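What follows is the structure, given as structure tokens:
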């Protein structure tokens with residue numbers, strides 16, 4: 067469901083549009099003039115505005131200019147019964163999604179609305195992702211020798227278009243490395259899409275990745291581009307590729323070899339220009355032997371590899387990370403930063419952190435929540451990781467509990 071604003075001084079057209087779009091499942095607001103439309107946008111930014119060019123009061127273009135000040139990325143479709151070259155060019159220059167002449171065909175208009183909403187959704191996702199990447203890259207912390215090697219590897223591969231396989235246990239920060247590669251790549255102004263191959267059911271993964279044609283399955287009433295197509299010109303990060311079903315591995319192999327894909331239910335090859343980054347916490351070599359991962363795909367992936375160390379292998383970074391989480395989380399949760407006691411520091415240095423950086427982050431967050439103001443002690447830390455206060459060498463924490471993020 068999307069929120070759509072209709073701006074037109076023709077009451078009959080407004081009512082007809084409102085009824086039609088509500089039947090399509092959208093939330094619809096209406097405005098009878100350009101001025102009213104501007105007020106409506108200032109009150110609440112819709113996903114799409116459908117606006118007439120010529121109205122009493124200010125024109126559609128004037129209203130569009132004012133709306134753009136409040137919502138520069140909002141999708142707008144301009145309608146008019148008096149089309150001219152000048153107005154069409156002007157509307158397009160201003161960033162209108164499309165310009166359509168009255169009278170128009172209803173199915174054609176509905177298809178245009180669907181396309182505009184889909185484009186707007188992708189644009190929002192891309193903007194949000196870039197903001198997340200910008201902040202996340204700053205959190206790829208650590209000055210240990212192991213992490214310095216990771217940074218060097220990122221620097222070497224970022225400006226290339228090479229396929230990169232990022233390997234490491236859950237919780238080591240594989241997605242952050244992918245984001246850093248993207249941020250420093252030549253594709254940084256294009257989309258960055260993250261696809262977690264274990265979070266999407268096997269039955270849906272193929273259509274999510276490659277899209278589908280109309281009629282490909284029950285309920286496929288229209289064709290839809292998959293996420294790989296949607297990332298045209300950009301970067302796709304396939305997280306946990308080691309858990310991908312074999313039939314989809316074959317399609318990924320073709321994509322890597324031929325730079326083409328086929329939608330589900332389609333017979334045409336579609337050329338695609340994307341950079342693929344992949345990550346896994348699995349032993350791919352064993353998966354190949356066990357018949358759970360294609361050998362040809364393994365060799366295609368295993369050319370440029372970045373291996374992330376476990377947190378226990380970069381012990382020099384534990385205090386830096388812990389202090390970072392204390393600073394960041396205390397501000398985020400609006401709590402006092404109590405710091406760490408000496409025995410609290412000793413706990414951090416001796417705990418094995420089987421959940422890696424994610425476990426450390428969660429431990430600091432829980433300790434902050436239960437802390438009463440004094441420096442965080444060993445007892446507080448052992449309690450929040452489920453250990454007795456006299457045993458803190460390891461913890462029975464499942465890797466699956468900590469996803470690849472900091």
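In my numbering, the protein residues as written are 67 to 472. The beta carbon of each residue, even a glycine, is placed where N, CA and C say it ideally should be. What you are looking at is a predicted structure, and each value in this text was computed from that prediction instead of being measured.
Sequence-distant residues of its chain with Cβ nearer than 6 Å to residue i (five each side left out)
{"i": "residue 204", "result": "The predicted position of residue 204 is uncertain, since its pLDDT is 49 and thus under 50; a value taken from the coordinates is nonetheless stated next. No residues qualify anywhere along the chain."}
{"i": "residue 147", "result": "168"}
{"i": "residue 202", "result": "Residue placement at residue 202 is flagged as unreliable, the pLDDT there being 47, under the threshold of 50; the coordinate-derived value follows with that caveat. 242 and 245, listed in sequence order."}
{"i": "residue 302", "result": "259, 294, 340 and 342"}
{"i": "residue 360", "result": "315"}
{"i": "residue 174", "result": "none"}
{"i": "residue 157", "result": "144 and 165"}
Beta-carbon spacing of residue i, residue j below 8 Å
{"i": "residue 387", "j": "residue 207", "result": "yes"}
{"i": "residue 435", "j": "residue 410", "result": "no"}
{"i": "residue 320", "j": "residue 279", "result": "no"}
{"i": "residue 186", "j": "residue 113", "result": "yes"}
{"i": "residue 276", "j": "residue 317", "result": "yes"}
{"i": "residue 444", "j": "residue 418", "result": "no"}
{"i": "residue 124", "j": "residue 145", "result": "no"}
{"i": "residue 171", "j": "residue 118", "result": "no"}
{"i": "residue 349", "j": "residue 299", "result": "no"}
{"i": "residue 111", "j": "residue 137", "result": "yes"}
{"i": "residue 377", "j": "residue 430", "result": "no"}
{"i": "residue 293", "j": "residue 261", "result": "yes"}
{"i": "residue 426", "j": "residue 397", "result": "no"}
{"i": "residue 422", "j": "residue 219", "result": "no"}
{"i": "residue 331", "j": "residue 282", "result": "yes"}
{"i": "residue 322", "j": "residue 229", "result": "yes"}
8 Å Cβ cutoff, residue i in contact with chain C
{"i": "residue 121", "result": "In the structure shown, chain C does not exist; there is a single protein chain."}
Cut-off 7 Å between Cβ atoms - residues of its own chain near residue i, not counting five sequence neighbours on either side
{"i": "residue 94", "result": "70, 72, 84, 87 and 88"}
{"i": "residue 46", "result": "Residue 46 falls outside the range modelled here, since the chain spans only 67 to 472, and no answer is possible."}
{"i": "residue 189", "result": "139"}
{"i": "residue 19", "result": "This structure leaves residue 19 out entirely; the chain is present only between 67 and 472."}
{"i": "residue 415", "result": "381 and 384"}
Cβ separation of residue i and residue j, assumed to be a contact under 8 Å, to the nearest whole Å
{"i": "residue 327", "j": "residue 314", "result": "In fact, because the Cβ distance is near 11 Å, the residues do not count as touching under 8 Å."}
{"i": "residue 115", "j": "residue 142", "result": "5 Å"}
{"i": "residue 17", "j": "residue 440", "result": "What the structure shows of the chain is the stretch from 67 to 472, and residue 17 is not part of that stretch, so it cannot be assessed."}
{"i": "residue 306", "j": "residue 355", "result": "That pair is no contact at about 19 Å."}
{"i": "residue 90", "j": "residue 231", "result": "That belief does not hold up - the Cβ atoms of residue 90 and residue 231 are roughly 43 Å apart, past 8 Å."}
Top-ranked residue by Cα proximity to residue i, from the options
{"i": "residue 233", "options": "68, 322, 393 and 369", "result": "369"}
{"i": "residue 344", "options": "362, 352, 91 and 367", "result": "367"}
{"i": "residue 67", "options": "421, 309, 183 and 331", "result": "183"}
{"i": "residue 224", "options": "372, 431, 380 and 414", "result": "372"}
{"i": "residue 210", "options": "400, 263, 257 and 381", "result": "381"}
{"i": "residue 159", "options": "127, 301 and 120", "result": "127"}
{"i": "residue 365", "options": "407, 266, 308 and 415", "result": "308"}
{"i": "residue 181", "options": "213, 282 and 296", "result": "296"}
{"i": "residue 311", "options": "271, 161 and 222", "result": "271"}
{"i": "residue 304", "options": "269, 323 and 346", "result": "346"}
{"i": "residue 248", "options": "222, 162 and 164", "result": "222"}
{"i": "residue 120", "options": "400, 161 and 76", "result": "76"}
Residue i Cβ short of 7 Å to the ligand ZN heavy atom set
{"i": "residue 236", "result": "Although the ligand ZN was asked about, the structure shown includes no ligands whatsoever."}
Same chain only: Cβ atoms within 8 Å of residue i, ignoring 5 sequence neighbours per side
{"i": "residue 80", "result": "72, 74, 96 and 98"}
{"i": "residue 92", "result": "67, 68, 69 and 70"}
The region 130-143 contacting the region 100-107, beta-carbon criterion three pairs below 8 Å: yes
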